[in-house]
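Numbering (this note's numbering), first residue to last: 1159 to 1455. Everything below concerns the one structure shown next.
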Amino acid sequence: MKVGFIGIGRMGSQMARHILEAGYNLTVHDLRKEAAVHLLEKGAKWVDTPRAVAETCDVVFSSLPGSEDVEKVVYGVDGLMGGWKVGDIYADMSTNSHDLVIRMAKDAAKKGVAVLDSPVTGGTKGAEEGNLVFIVGGEKTALEKIESILHTMGKKIYHVGDMGSGTVAKLVNNVISITSNAIMAEAFVLGVKAGVDPQMLYEVAFSGTARNWDLEKYPDSVFVGDFEPGFRLSLASKDVGLALQLGRKLGVPLPVAAAVDQSFLAARTAGFGDKQLYAIFEYLENLVGVQVRTTKK
């Protein structure tokens, strides 16, 4: 089976590496060829367009920053649409627009191609370690054909339903996580501004009902002032926007998510977009003149 991978970024470079190291024949493409040098040195093949990836591969994966990027890869000049063959499978692992994944699936089906929306969770660390979780929507038979490849990159695969279901489940997960981080940032900054030691605030929260997965990571990130990417704040903002878009489409009010959207927009405008999600702390700290810092764990 010939495998293609489009999008050799922070996540994609690691996922593609795992596929290659598992012994698959891998063809790659990115806007920047230099991003793929480490893969080419290990035996991956480079092609200049998404169409060429589709023409030479049976299965194509993509991991891209946003819906606009996915749309260009699929529908643009020399896009995947022009190179697909009957029986091909396309799995997009980006956090994407629900409308776009449905449209892609319908258009690809006319060419005999199966599309899976396959967003991932686990972050850059999960990508590096091959411990990602795949949240897949689409035909189960198509998923079964690529499960062995997915397992080179991740530990769990959830088939959550029909096409588009993976995207919905990922947006639900991300809205919960991103909103949680936003309110924790506000709460910790409030506590420190009121004069309470951030270490004590952490220990109380960690021992109580506020304990969660992100909170457990704060001693090695927020509390030591490390806000370098990871999962960029700008991408978190994009995901909340996608959830709001879906909510409008379905008539579901999301007032809390809307407030978080505005908070993240303000942080991006203030120059924090390229830092990691936790930089929402730094943005709020700057607003009120305190820092949530402790070197203790």
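Ideal Cβ placement from N, Cα and C applies to all residues, glycine included. If you're wondering where the values come from, they're calculated on a predicted model, not measured in any experiment.
Let me make sure I understand the geometry here. Which of the options has the alpha-carbon closest to that of residue i?
i	options	result
methionine 1159	Asp1188, Thr1214, Met1169 and Arg1209	Thr1214
serine 1323	Ile1334, Gly1288 and Asp1257	Asp1257
tryptophan 1242	Gly1224, Val1218 and Pro1223	Val1218
lysine 1269	Ala1327, Met1169 and Val1232	Val1232
serine 1220	Val1244, Gly1162, Asp1236 and Lys1191	Gly1162
arginine 1369	Ser1338, Tyr1441 and Met1262	Ser1338
isoleucine 1334	Leu1184, Val1418, Ala1174 and Tyr1441	Val1418
tyrosine 1441	Pro1413, Ala1415, Leu1359 and Ala1340	Ala1340
valine 1235	Ala1249, Pro1223, Pro1208 and Ala1212	Pro1208
valine 1326	Leu1373, Asn1254, Gly1429 and Val1382	Asn1254
glycine 1353	Leu1184, Gly1201 and Gly1447	Gly1447
asparagine 1331	Glu1302, Phe1292 and Lys1313	Phe1292
glycine 1319	Gly1312, Lys1313 and Leu1301	Leu1301
methionine 1239	Ala1267, Leu1222 and Pro1223	Ala1267
glycine 1388	Pro1411, Leu1189 and Phe1430	Phe1430
methionine 1173	Gly1312, Gly1383 and His1317	Gly1312
Compute the beta-carbon to beta-carbon distance between residue i and residue j, rounded to the nearest angstrom, for a pair I have assumed lies under 8 Å.
i	j	result
aspartate 1246	aspartate 1206	With 8 Å as the limit, aspartate 1246 and aspartate 1206 do not qualify as a contact, their Cβ atoms being about 19 Å apart.
alanine 1310	alanine 1180	Just to set this straight, residue 1310 is threonine in the shown sequence, not alanine. Their Cβ separation, rounded to whole angstroms, is 4 Å, which keeps threonine 1310 and alanine 1180 in contact under 8 Å.
isoleucine 1499	isoleucine 1177	Summary: the structure shown does not reach residue 1499, with the chain confined to residues 1159 through 1455, and so no result is reported for it.
glutamate 1386	glutamine 1434	6 Å
alanine 1193	isoleucine 1166	4 Å
leucine 1329	leucine 1404	6 Å
alanine 1272	glutamate 1297	5 Å
isoleucine 1336	alanine 1263	Actually they do not touch by this definition, with Cβ atoms about 26 Å apart.
glycine 1295	methionine 1321	5 Å
arginine 1426	serine 1392	6 Å
alanine 1212	leucine 1184	Rounded, the Cβ-Cβ distance is 14 Å, inconsistent with contact.
What number of angstroms, rounded off, separates the C-alpha of residue i from the C-alpha of residue j?
i	j	result
valine 1350	aspartate 1432	25 Å
lysine 1455	proline 1377	Low local confidence applies: a pLDDT of 45 at lysine 1455 is under 50, so the model's placement there is unreliable, and no value is given.
isoleucine 1260	leucine 1274	10 Å
arginine 1390	leucine 1445	20 Å
leucine 1348	alanine 1285	34 Å
serine 1365	serine 1252	35 Å
tyrosine 1182	threonine 1299	21 Å
proline 1356	arginine 1451	7 Å
histidine 1187	tryptophan 1204	6 Å
glutamate 1361	threonine 1367	12 Å
phenylalanine 1381	lysine 1375	9 Å
alanine 1416	tyrosine 1436	18 Å
proline 1411	lysine 1191	43 Å
isoleucine 1438	aspartate 1265	39 Å
aspartate 1372	alanine 1363	12 Å
leucine 1359	alanine 1249	43 Å
proline 1413	leucine 1222	28 Å
#### Entry: Inter-stretch contact at 8 Å, needing at least 3 Cβ pairs: the segment 1279-1298 / the segment 1343-1356
no
#### Entry: At least 3 beta-carbon pairs within less than 8 Å: the segment 1414-1423 vs the segment 1386-1400
Proximity of the segment 1414-1423 to the segment 1386-1400 meets the contact definition, three or more beta-carbon pairs being nearer than 8 Å.
### Task
Take every Cβ of the segment 1195-1203, pair it with every Cβ of the segment 1221-1232, and state whether three or more of those distances are shorter than 8 Å.
no
### Query
Which runs of the alpha helix (DSSP H) fall wholly inside the segment 1283-1336 and span at least 4 residues, in chain order?
Fully enclosed alpha helix (DSSP H) runs of 4 or longer: 1298-1311.
#### Entry: Length at least 3, wholly inside the segment 1226-1283: the beta strand (DSSP E) runs in chain order
1247-1250 and 1272-1275
### Query
Which ranges would you report for the alpha helix (DSSP H) in the segment 1398-1442 if only whole runs of at least 4 residues count?
1413-1425
### Message
Please give me, in chain order, every unbroken run of the alpha helix (DSSP H) with length at least 4 that falls completely inside the segment 1161-1226.
### Response
1170-1179, 1195-1198 and 1208-1214
### Message
Which runs of the alpha helix (DSSP H) at least 4 residues long sit entirely within the segment 1328-1381? Give them in chain order.
### Response
Complete alpha helix (DSSP H) runs here, min 4: 1356-1365 and 1371-1375.
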